[in-house]
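Protein chains in written order, with UniProt numbering: chain A, 1 to 364; chain B, 1 to 410.
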């Protein structure tokens with residue numbers, strides 16, 4: 001089988017992290033985001049993966065070369081010369097996606113969930129339609145496009161309702177699909193939207209089905225959601241008793257959902273959790289309090305610091321008795337001086353912050 | 001030679017700007033750098049060996065100073081200390097005049113008059129020397145402040161010899177940035193000037209309608225409003241300009257600045273009178289009965305009062321911590337005052353905004369709001385674990401469980 005991952009452009013929504021590292025390589029749960037997807041696709045029997053990108057950074061090419069070998073898949077870049085929307089990239093990658101009759105997966109690179117590719121493929125083959133979209137439950141469907149299925153229980157999609165004012169259902173398009181190669185014939189090579197232009201045609205043909213997603217789902221394309229998604233991901237690992245998590249019996253763990261890379265060092269009398277990922281080579285001092293945060297490779301949290309709802313970028317340092325919170329994002333190699341407070345600061349790479357940031361702001 | 005000193009201590013209905021700290025303790029007894037403001041003045045007076053009597057004049061109840069007077073009489077043997085209570089607020093000059101017989105008993109040649117709410121090096125000997133050199137009947141201590149701050153003080157205009165030619169309280173113009181530092185040396189003739197001023201005011205009061213505001217009471221006479229201008233006209237007032245530190249302690253937040261200045265000056269004179277240690281950044285004063293965990297980092301400019309406890313990995317900087325406080329592990333306290341019995345939780349952050357060294361303003365503008373720069377936790381306030389309190393004034397007996405910013409918490 002084949003898969004296409006819609007990576008897109010510069011990942012500006014995830015700046016300042018994406019000023020240093022392309023979005024697919026930003027570590028989510030201590031592993032590059034794209035690796036979660038590559039791994040799940042490979043596990044479902046996918047052998048050919050296309051990355052639909054607007055630009056192709058060398059670091060990404062090299063990293064994915066490594067994954068090709070590791071997971072026994074072929075990964076190709078399909079580079080758009082102009083942004084082609086969400087459907088155009090399928091047409092652009094036609095040669096690969098149509099190389100055999102098997103259906104192909106499409107997924108948005110920002111979406112994190114327990115990718116149910118095997119069950120999705122089984123469901124797709126069973127109903128015989130041209131496409132299946134994965135739908136996830138949300139609390140406020142009025143903010144999204146809602147998927148409405150026919151009452152017969154087959155999952156056949158009756159219609160889409162964009163930002164409904166009245167309740168018509170609470171399942172929305174999760175940004176993950178499985179499509180037959182024939183669907184590509186419905187797409188022209190121009191900037192076009194799969195949701196607005198391609199899917200309505202399939203609905204008209206009574207050929208598009210909806211598959212209910214179990215478990216969590218999150219678009220982690222911006223820092224606030226990146227943190228929320230991390231919480232959901234870690235909670236799902238806890239439910240599965242995953243050995244990727246730290247034992248809750250570690251003296252410093254409070255509330256669980258803590259992931260610590262084996263190369264990280266943690267000082268005395270710390271209180272860590274819930275919902276923290278600590279990356280490789282991270283050094284944590286004594287008496288540090290961490291919650292709901294992501295500490296990326298090589299970052300350093302000094303003694304007595306307090307960190308909540310923050311992403312600490314690669315090689316950044318948080319000083320002693322510093323306090324950072326409220327979706328503070330430190331880019332690569334940022335230094336927060338001792339005793340400084342940051343409320344929702346978005347700090348670009350290589351900056352030193354030596355006085356308080358009282359209100360959410362961008363530090364250029 | 002001065003044989004007496006009068007300290008003007010005010011009263012409970014005055015000094016409201018020092019609230020909430022003055023809700024529990026009169027401002028002049030508030031401890032900075034390990035001892036009450038008044039004690040710093042007594043120490044300075046004790047350097048003038050001719051002074052045999054110190055008179056506190058104010059309108060607090062007698063019991064307010066009872067313990068302080070007992071302690072002072074055992075600490076200072078050179079002079080006696082008495083409290084003279086005004087029956088009502090008479091003003092700084094009115095109170096002195098009311099007790100003129102006590103002040104002039106034993107016929108002192110000269111006497112100091114000191115406002116209790118100032119923090120400075122108290123250069124009393126230098127003031128005395130200047131008086132002798134100029135044959136001056138009266139000397140006022142002056143200090144320079146930024147021109148923008150002058151309107152909060154009394155401005156002194158002096159000639160090149162140091163004779164005061166003009167004095168104006170709270171000027172609106174940039175007349176001079178040499179201001180009244182709140183220390184005077186007088187001789188008995190000051191009472192003639194006060195009598196003259198009183199008479200004139202009494203006569204004037206027949207001409208003007210009676211004010212409904214009791215503060216405009218004809219009995220109220222202040223040195224600043226009614227006397228100093230008159231002295232300047234008489235040509236008998238000289239100014240001694242101090243170049244050393246000077247602060248007026250009006251608002252509660254100014255106590256942090258005073259604490260810093262006193263600690264600095266004590267440290268420069270004799271570091272051994274202050275606390276030292278591996279994690280102590282001097283100058284720091286820790287009461288011998290207080291406990292500070294060796295892993296806590298304290299200083300600079302911190303005073304910690306009796307029986308207070310600072311836990312492991314806590315940080316305290318530029319702060320006054322009074323008695324019986326508990327500062328828990330890994331917390332951070334910056335630019336703050338913790339009154340008696342306050343508790344700061346683990347990983348909590350109690351934070352004010354530092355006041356620049358050259359500023360006499362204790363407020364700061366945050367999100368368009370003028371707030372107290374120093375965070376003040378009054379008596380028996382509790383800040384929960386991991387909670388942040390920033391630029392807040394918290395009234396007594398409150399428990400803070402969620403983060404608060406730029407607020408007064410009733």
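We treat Cβ as the ideally placed atom computed from N, Cα and C, and that holds for glycine.
| Item | Value |
| --- | --- |
| Taking any Cβ of chain A, which residues in the stretch 323-348 of chain B have a Cβ under 7 Å from it, in chain order? | 329, 330, 332, 334, 347 |
| What number of angstroms, rounded off, separates the C-alpha of residue 50 of chain A from the C-alpha of residue 300 of chain A? | 36 Å |
| Kindly indicate which three-state DSSP category residue 36 of chain B falls into: helix, strand or coil? | strand |
| Excluding the 5 residues flanking residue 223 of chain B on each side, which residues of the same chain have their C-beta closer than 6 Å to its C-beta? | 92, 93 |
| Is the beta carbon of residue 383 of chain B sitting closer than 8 Å to the one on residue 350 of chain B? | yes |
| Between which two residues does the beta strand (DSSP E) containing residue 13 of chain A stretch? | Where residue 13 of chain A is concerned, there is no enclosing beta strand (DSSP E), given that its DSSP letter is neither H nor E. |
| Could you name the residues of the stretch 351-363 of chain B whose beta carbon sits closer than 9 Å to any beta carbon of chain A, in the order they occur along the chain? | 351, 353 |
| Per the DSSP calculation, residue 306 of chain A is bridged to which residue(s)? | A:289, A:323 |
| Given this structure, state the Cα-to-Cα distance separating residue 231 of chain B from residue 364 of chain B, to the nearest angstrom. | 37 Å |
| Give the DSSP-derived three-state secondary structure of residue 176 of chain A in the structure shown. | strand |
| Considering just the uninterrupted stretch of the beta strand (DSSP E) at residue 248 of chain B, what are its terminal residues? | 246-248 |
| Out of curiosity, what's the CA-to-CA distance linking residue 118 of chain A and residue 201 of chain A? | 26 Å |
| Excluding the 5 residues preceding and the 5 following residue 373 of chain A in the sequence, name in chain order all residues of the same chain whose CB lies nearer than 6 Å to its CB. | This structure gives no information on residue 373 of chain A, because the portion of chain A shown stretches from 1 to 364. |
| Tell me, please, whether the CB atom of residue 323 of chain A is closer than 8 Å to any CB atom in chain B? | yes |
| Alpha carbon to alpha carbon, what distance is there between residue 89 of chain B and residue 179 of chain B? | 25 Å |
| Less than 8 Å between the CB atoms is what I'm expecting for residue 7 of chain A and residue 53 of chain A, so what's the real figure, rounded? | 5 Å |
| In the DSSP output, what is residue 141 of chain B paired with across the bridge? | B:240 |
| So is residue 195 of chain A in contact with chain B if we call contact Cβ pairs under 8 Å? | no |
| Kindly confirm or deny that the stretch 291-306 of chain A and the stretch 257-276 of chain A touch, where touching means at least three C-beta pairs closer than 8 Å. | yes |
| Give me the chain A residues within the contact set of residue 277 of chain B, using Cβ-Cβ distance strictly less than 7 Å, ordered along the chain. | In chain order: nothing, as chain A lies at least about 17 Å away. |
| Ordered along the chain, which non-local residues of its own chain (more than five positions away) have a Cβ less than 7 Å from that of residue 369 of chain A? | For chain A, the structure presents residues 1 to 364; residue 369 of chain A sits outside this window and is missing. |
| Given a threshold of 16 other Cβ atoms within 10 Å of its Cβ, counted over all protein chains shown, does residue 2 of chain B qualify as buried or as exposed? | buried |
| For residue 4 of chain B, list the residues DSSP reports as bridge partners. | B:53, B:111 |
| From what residue to what residue does the beta strand (DSSP E) around residue 97 of chain B run? | Element bounds for residue 97 of chain B: not the beta strand (DSSP E) but the alpha helix (DSSP H), 91-98. |
| The alpha helix (DSSP H) that contains residue 238 of chain A, what's its start and end? | 223-239 |
| Quick one: grab the DSSP three-state call for residue 363 of chain B. | strand |
| Residues of chain A with CB closer than 7 Å to the CB of residue 384 of chain B, please, in chain order. | What residue 384 of chain B touches in chain A: nothing, since even the nearest Cβ is about 13 Å away. |
| Any Cβ of chain B within less than 8 Å of the Cβ of residue 124 of chain A? | no |
| Let me confirm a value: residue 370 of chain B is counted as buried when at least 16 other C-beta atoms fall within 10 Å, else exposed. Which label applies? | exposed |
| I'd like the list of long-range same chain contacts for residue 403 of chain B, defined as Cβ closer than 7 Å, with 5 residues on each side in sequence excluded. | 387, 388 |
| Between the Cα of residue 324 of chain A and the Cα atoms of A:297, A:314, A:349, A:353, which residue gives the shortest distance? | A:353 |
| Taking its Cβ as the centre, do 16 or more other Cβ atoms sit within 10 Å of residue 299 of chain B, making it buried, or is it exposed? | buried |
| Using only the alpha-carbon positions, how far apart do residue 57 of chain A and residue 120 of chain A sit? | 32 Å |
| The alpha helix (DSSP H) that contains residue 259 of chain B, what's its start and end? | 254-269 |
| The alpha helix (DSSP H) spanning residue 138 of chain A covers which residue range? | It is not in any alpha helix (DSSP H) - residue 138 of chain A carries neither H nor E in the DSSP assignment. |
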